[in-house]
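Worksheet for the structure shown next.
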Amino acid sequence: MKKERRLFGKGLMTLMILFFYLPIIFMIVFSFNESKSLTNFTGFSLKWYTHMLESNDMVSSLYTTFSVAIIATIVSTIIGTITAIGLSKSRKVVREIVTQVNDLPLMNPEIVTAIGLMLLFITFQIEKGYITMLLAHIAFCIPYVMLSVMPKIKSLDPNLADAAMDLGATPWQALTKVMVPQIMPGIISGALIAFTMSFDDFIISYFVTGRGVKNLSIMVYTMSKRVNPSINAISTLVVVLITIVLLIVNVLPMIRNSKKEKAEKQPVQKSRRKGSLLALLLVVVVAGASFFGLQHMQNGAGKFKGQTLHVYNWGEYTGQEVIPMFEKQTGAKVVMENFESNEQMYIKVANGDSYDVIVPSDYMIERLISEDLLQKLDKSKLNCMDLLSDGVKGLPYDPNNDYSVPYFWGTVGIVYDKTKVDIKDLEKEGFNIFLDTKYKGDIYLYDSERDSFMMALKALGYSMNTKNENELQEAYEWLVQCVETMEPEIVTDEIIDNMAQGRKALGLIYSGDAAYVMSENENMGFYMPETGTNLWSDAMVIPKNAKNPELAHEFINFVSSYEGAMNNSSEVGYTSPNKQVMEELSKSDYEGINAYIPRTGNKNDEVFKYDGEIKKVISSLFSKVKVIASNAE
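Residues 1 to 633 in full-length UniProt numbering are what the sequence shown spells out, letter by letter.
Spelled out as C-alpha cells, the structure:
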C-alpha cells in the first residue's frame, strides 16, 4: 500500500512538473523556428534572436526592467528594513496600525493599487514615465521586505541592541554590526522577493508609465497581440538568465560545500551569501550591458539631432527597421507608445496627453476632427502625397487629406480552407455562410463589435453605417442565430496562426492578416462577398497639442516613402498605401495572394463613419451576443 502511495505521489509530481515546464520548453523550441508560426516548427533559425537584439524597444525594455528592479530592490530593502527595526521599538498601538497599513497593499487586488497610484500621479500632475514607474515599484516592494524582516526581528532578544551599547558600541554600530547580521537571512529573502516582484510586474507598471517607457512585461504584452516569434526569443533569454542566477545561488554553494570536510553553519552561510552576491553581480552586469547598448545606439547627425518625436501607434504595427532608419536619417530620437484600441487612444488624447504623431482608424479620425483635437497638415512640408495609391486618398472621413496621411489600408473578408469550403458556397451565400450548418463548429468569429455587425448587416443587405434601429436589431438576431447554432470560436489575433495551420474551415479576418495566412498555407483562400465589406484605413495624424509638428511631418514623409513603406508592409503584412511598394510586394512576397491588394470599385464597399449613439447601441448588443455565446458553450 505504501509503495502504491509512493508511486502515485511520484506520478502526480511528474505531471505537475510537466504541466509547469512543458510550455516553457515549447516556447524555447519555437524561439528557434524559421517561420513566423507559433505552433508549426518549420526549421532551425536564429533570426528572431537577431530581430530581438536589433530592436531598440527590446534593448530599452531590458534596461528599464533591470534598472528599475535593482534600484527598487535596494531602496525598498533599506526602507523596509529600517522601518521594521523601528517598529520593533515602537509602542504596540503604533506597531499594529503600521502593520495593518503595510498588509493592505499585499491583500489588495493589484489593479486597485495600480489605479490608485495612477490617480495619485495625475492629481499631483507628475508626468508619467521612468520615475513614476520606479516610485511605484519601490512603494509596492516595501511591504514584502517588511513582511520578510519582521519575523527575524521578533526572534531576536529585545535587549540585544542595549547590550551592545552597554559594551561600548554606538547606536549605528549596534544596528549595523549586531542587529543587521542577525536578521540578514530575512533581509536577503525580502530583497529577492522585491526584485522578483519588480522584475515580473505588469499591471502596476502598465498604469503608471508613459512617454514610451516600457519594461519587459509591457513589451511582451504588446508583442503578444500579433504573431511575432521574437516574443519567444526574449522570453527564452529571461528564462536562461533566471536559470543561471538560480544555479549560481544554489548549485555553486553546494559544490563548494561538498569539497569541504567541515559542515559548520558559518561556512555554509558565507558560501550562500557569496552565491547571492555573484547572482546580484550578474544581474548588475546584464543591466549595465543593456544600458551600455542603449546608450551607444547612434541616431545619426541629421538636422533634427537631439530632438524627440513621440509616436502613439498600434502594437506590433511598425517594421523592425523603420524607427532605426528614421533616427539615423534625421538624428532624432523616437519614443513610441502602443495602444490596443481606438477608444484607448482617444481617452489619452482627449485628456491632453501630448503626442506628435498618432495612428487612429478612419472613424476615429472623423471623431478627432469633429472635436478639434487634430491640427491641419502643412502640405508644403509633405512630399509624399503623390507616392500614394488613389484608392486610399480622399476617403470620406477626410476628403481632402487635410488632416491625415494613410499608414495601412485594407478590407475585411473571409479566410477559408480550400480543402474544406466550396467556393460556390461562398459565392452563393457570402457572409451568410456563417449560418450554414455544414460548417457548424468549424468557424471563427472576430471579437470586434464593429466588424461583427458589419458582417451581419452586409449579410442582410443593409449599410454597415445604418442608423435604423430595426436593421440593427435584425443584425443582432443574425449574430445570435450564428452563436447559438454554429458553435463558433470567438477570437482576435489568434485567428492568424490558427488559420495558417488550417484548424477551422473559415473565419472573419482583416485582409492583411489573410495575406500572411495565405503566404504560410497554400490551401488558404480569401473571399470578399459582393454584398460589400468594410474598406478600412489607418492613417497618421498630428494632434493639436503636438510639441514637435515639424519633425512629425518629417516622420510622415519617411513612413510614406519607398524605403519606410517597404519595410513596414513587408514585415507587418498589411497593405502599404505607397503605390510602388504595393505593386512590388504583390508580385513578390504576395504573388497570387488576392488578400494583399484591397478591392476597389465595388459600390457596396463602405468606410465606417463615427456615430457615438449608434456605437453605444452596437456595443450593448454585441455584449449580449458574447454572453449568449459563452452560455452556449
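Each residue gets a CB set at the ideal place from its N, CA and C atoms; glycine is no exception.
All values derive from a computational prediction rather than experimental measurement.
Would you mind sorting residue i into buried or exposed? The rule is 16 or more other CB atoms within 10 Å of its CB.
i	result
D157	exposed
residue 635	Given a span of 1 to 633 for the chain in the structure shown, any question on residue 635 remains unanswerable.
F19	exposed
A632	exposed
G601	exposed
I17	exposed
N534	buried
E427	exposed
N313	buried
N351	exposed
D166	exposed
N400	exposed
R5	exposed
G306	exposed
K616	exposed
S290	In this predicted model, S290 has a pLDDT of only 47, less than 50, meaning its place in the structure is not dependable enough to derive any value.
E520	buried
D353	buried
K177	exposed
Q320	buried
G11	exposed
N102	buried
Is it true that the CB of residue j sits closer than 8 Å to the CB of residue i?
i	j	result
I115	V357	no
G43	V145	no
I204	L119	no
K348	D442	no
G186	S148	yes
K467	I242	no
T209	K92	no
G212	E340	no
Y516	G573	yes
P475	F431	First, the residue type needs correcting, since residue 475 is Ala and not Pro in the sequence shown. Not closer than 8 Å, so no.
F326	V334	yes
I183	I153	yes
V359	C384	no
A233	S560	no
Y416	P488	no
A194	S76	yes
H553	K381	yes
E449	S619	yes
Could you name the residues that DSSP lists as bridge partners for residue i?
i	result
A539	P406
F44	N33
S235	S235 pairs with nothing; no bridge assigned.
T308	K333
S361	D538
Can you tell me whether residue i is helix, strand or coil according to DSSP?
i	result
V251	helix
V335	strand
P267	In this prediction, P267 has a pLDDT of 47, which is less than 50 and means its spatial position is unreliable; what the coordinates show is noted afterwards. Of the three classes helix, strand and coil, the one that applies to P267 here is helix, per DSSP.
M528	coil
N313	strand
I218	helix
Y516	helix
Y462	coil
G302	coil
L506	strand
L374	strand
R5	helix
T209	coil
G11	helix
M27	helix
Q100	helix
N383	coil
Q320	coil
S623	helix
I628	helix
P109	coil
E366	helix
I126	coil
Y49	helix
S511	helix
G352	coil
(message) Ignoring anything shorter than 4 residues, give me the alpha helix (DSSP H) runs that lie fully in the region 51-96, in order along the chain.
(response) Segments of the alpha helix (DSSP H) lying fully in the region 51-96: 56-88.
(request) Give, in chain order, every unbroken run of the alpha helix (DSSP H) that is at least 4 residues long and sits entirely within the region 534-611. (result) 549-560, 562-572 and 579-587
(request) Run through the region 387-453 for me and flag every whole beta strand (DSSP E) of 3 or more residues, listed as ranges in chain order. (result) 405-417 and 443-446
(message) In chain order, what are the residue ranges of uninterrupted alpha helix (DSSP H) at least 4 long that sit wholly in the region 468-500?
(response) Counting only runs of 4 or more, we get 469-485 and 494-500.
(request) Would you mind listing the alpha helix (DSSP H) stretches within the region 128-207 that are 4+ residues and don't spill past its ends, in chain order? (result) 130-154, 160-166 and 180-200
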